[in-house]
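For reference, the structure is listed below as structure tokens.
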Amino acid sequence: MKKIMMFTIREHEREAAKAWAKNNQVEVTLSEDVLNMETVEQLKGYDGVTTQQTGKLDDRIYERLNELGIKQIAQRSAGYDMYNLEKASKNNIIISNVPSYSPNSIAEYAVTSALQLVRKTHLIEQKVMKRDFRWQVPIMAKEIKSLEVAIIGTGQIGQITAKIFNGFGSKVVGYDLYPNEQAKQYLEYKESIEEAVANADIVSIHMPATADNHHLFNEVLFNQFKDGAVFINTARGSIVDTKALLQALDSGKLSGAALDTYENESTYFPKDFRDKEISDPILEELMMRQDVILTPHIAFYTDIAVKNLVEGGLDASLSVINTGTYETRVN
40 MKKIMMFTIR EHEREAAKAW AKNNQVEVTL SEDVLNMETV EQLKGYDGVT
90 TQQTGKLDDR IYERLNELGI KQIAQRSAGY DMYNLEKASK NNIIISNVPS
140 YSPNSIAEYA VTSALQLVRK THLIEQKVMK RDFRWQVPIM AKEIKSLEVA
190 IIGTGQIGQI TAKIFNGFGS KVVGYDLYPN EQAKQYLEYK ESIEEAVANA
240 DIVSIHMPAT ADNHHLFNEV LFNQFKDGAV FINTARGSIV DTKALLQALD
290 SGKLSGAALD TYENESTYFP KDFRDKEISD PILEELMMRQ DVILTPHIAF
340 YTDIAVKNLV EGGLDASLSV INTGTYETRV N
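Right under this line is the structure:
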């Protein structure tokens with residue numbers, strides 16, 4: 040019987056993992072450990088591994104995996120920027136991801152976050168908690184229908200996000216290096232990011248993290264935004280220069296931001312810090328600001344998405360074991 044180690048197992052994944060193991064007649068070991076240079080030794084005698092890595096992996100681990108006879112790492116997420124693909128390939132390690140596990144979940148969350156900021160529900164809730172029930176200008180909202188929305192990255196998630204905003208009656212524009220023909224029924228493509236954000240009241244990004252788009256949203260780009268725009272990031276934290284984002288909020292260039300990802304999140308998300316100190320002043324500022332809605336990389340978190348991530352990771356691991364490759368390999 041084939042043996043697969045499932046690292047970083049979380050409680051919500053256990054039922055789906057056990058069901059998959061039974062259906063596929065594979066021995067799956069569930070471990071809460073994070074894959075690193077110490078825990079990699081647990082893979083002696085195993086055929087494959089799936090994990091949900093958040094931080095960068097030690098480059099030395101690829102050689103050790105090869106020595107242990109492991110030929111792949113199946114990442115249980117769409118993002119794979121935590122892996123050194125060149126090092127992995129040199130050591131005959133196939134890295135795979137789960138590129139589409141529930142685009143609806145993330146798109147719906149992005150729209151929900153935008154609605155919260157535009158309709159000021161987070162501010163209204165704060166006032167109600169203080170028993171302040173007055174109608175006041177700071178909590179007066181705008182109609183979503185009257186707003187222009189820019190979707191940056193128009194793959195499956197971006198397209199669904201555009202479709203939902205289109206349903207509200209908003210004008211939706213978009214930018215993508217590789218325009219999506221299907222998305223054209225919901226949005227109008229612009230020639231550049233700068234053109235897309237110039238008149239947008241809401242900017243929602245849906246791009247994978249790459250070496251080329253690190254801090255793409257920086258001071259220069261934020262200065263191209265319409266004054267008072269709302270910014271939504273349910274993609275990857277590294278795409279946004281957080282210091283520049285805070286400057287844009289302080290200057291009024293942005294009126295609010297909803298961040299489900301943060302560039303230095305791996306130390307904190309999704310961990311329990313109730314009795315621990317947070318030593319990241321930028322993260323602390325994001326948590327305290329009234330014009331920021333910060334959530335712990337949770338946009339995907341629905342029952343359907345969890346099931347698809349577990350099965351996607353295990354399917355990829357087993358496929359490489361049996362056939363030497365998988366359709367979602369990224370190197």
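Heads up: the sequence shown is residues 40 to 370, going by this note's numbering. Where is the CB? At the ideal position from N, CA and C, for every residue including glycine.
CA-to-CA distance, residue j to residue i, given in whole angstroms
| i | j | result |
| --- | --- | --- |
| residue 76 | residue 160 | 45 Å |
| residue 283 | residue 52 | 36 Å |
| residue 100 | residue 56 | 25 Å |
| residue 206 | residue 117 | 27 Å |
| residue 235 | residue 243 | 11 Å |
| residue 184 | residue 47 | 42 Å |
| residue 208 | residue 106 | 57 Å |
| residue 307 | residue 287 | 24 Å |
| residue 49 | residue 343 | 15 Å |
| residue 194 | residue 362 | 29 Å |
| residue 301 | residue 121 | 14 Å |
| residue 364 | residue 68 | 22 Å |
| residue 165 | residue 128 | 51 Å |
| residue 10 | residue 215 | A query on residue 10 cannot be resolved here, the shown segment of the chain reaching from 40 to 370 and no further. |
| residue 253 | residue 275 | 10 Å |
| residue 80 | residue 181 | 56 Å |
| residue 311 | residue 70 | 18 Å |
| residue 340 | residue 83 | 32 Å |
| residue 350 | residue 91 | 13 Å |
| residue 45 | residue 85 | 11 Å |
| residue 151 | residue 273 | 11 Å |
Close-in-space but distant-in-sequence residues of the same chain around residue i (CB under 7 Å, 5 per side omitted)
| i | result |
| --- | --- |
| residue 199 | 142, 143, 146 |
| residue 110 | 131, 132, 133, 359 |
| residue 119 | 134, 136, 369 |
| residue 336 | 299, 300, 304, 308, 309 |
| residue 95 | 121 |
Close beta carbons around residue i, own chain, < 6 Å, minus the five adjacent residues each side
| i | result |
| --- | --- |
| residue 113 | 89, 135, 352, 355, 356 |
Whole-angstrom C-beta distance between residue j and residue i, which should lie under 8 Å
| i | j | result |
| --- | --- | --- |
| residue 241 | residue 271 | 7 Å |
| residue 148 | residue 338 | 4 Å |
| residue 213 | residue 196 | About 12 Å; that fails the 8 Å criterion. |
| residue 264 | residue 293 | 7 Å |
| residue 295 | residue 245 | At roughly 18 Å, the Cβ-Cβ gap does not stay under 8 Å, so residue 295 and residue 245 are not in contact. |
| residue 239 | residue 268 | 6 Å |
| residue 218 | residue 228 | 5 Å |
| residue 98 | residue 61 | Contact flag wrong, Cβ pair sits at about 36 Å. |
| residue 43 | residue 108 | The pair is not a contact, with the Cβ atoms about 13 Å apart (cut-off 8 Å). |
Distance CB(residue i)-CB(residue j) smaller than 7 Å
| i | j | result |
| --- | --- | --- |
| residue 333 | residue 326 | yes |
| residue 210 | residue 187 | yes |
| residue 178 | residue 156 | no |
| residue 317 | residue 323 | yes |
| residue 277 | residue 248 | yes |
| residue 305 | residue 93 | yes |
| residue 281 | residue 232 | no |
| residue 41 | residue 73 | no |
| residue 285 | residue 115 | no |
Any non-hydrogen atom of the ligand ADP within 6 Å of residue i CB
| i | result |
| --- | --- |
| residue 239 | Inclusion of the ligand ADP in the displayed structure is not the case, the ligand content being empty and no account of it being possible. |
Sequence-distant residues of the same chain with beta carbon closer than 8 Å to residue i, five excluded per side
| i | result |
| --- | --- |
| residue 319 | 303, 306, 307 |
| residue 124 | 134, 369, 370 |
| residue 172 | 166 |
| residue 138 | 117, 367 |
| residue 174 | none |
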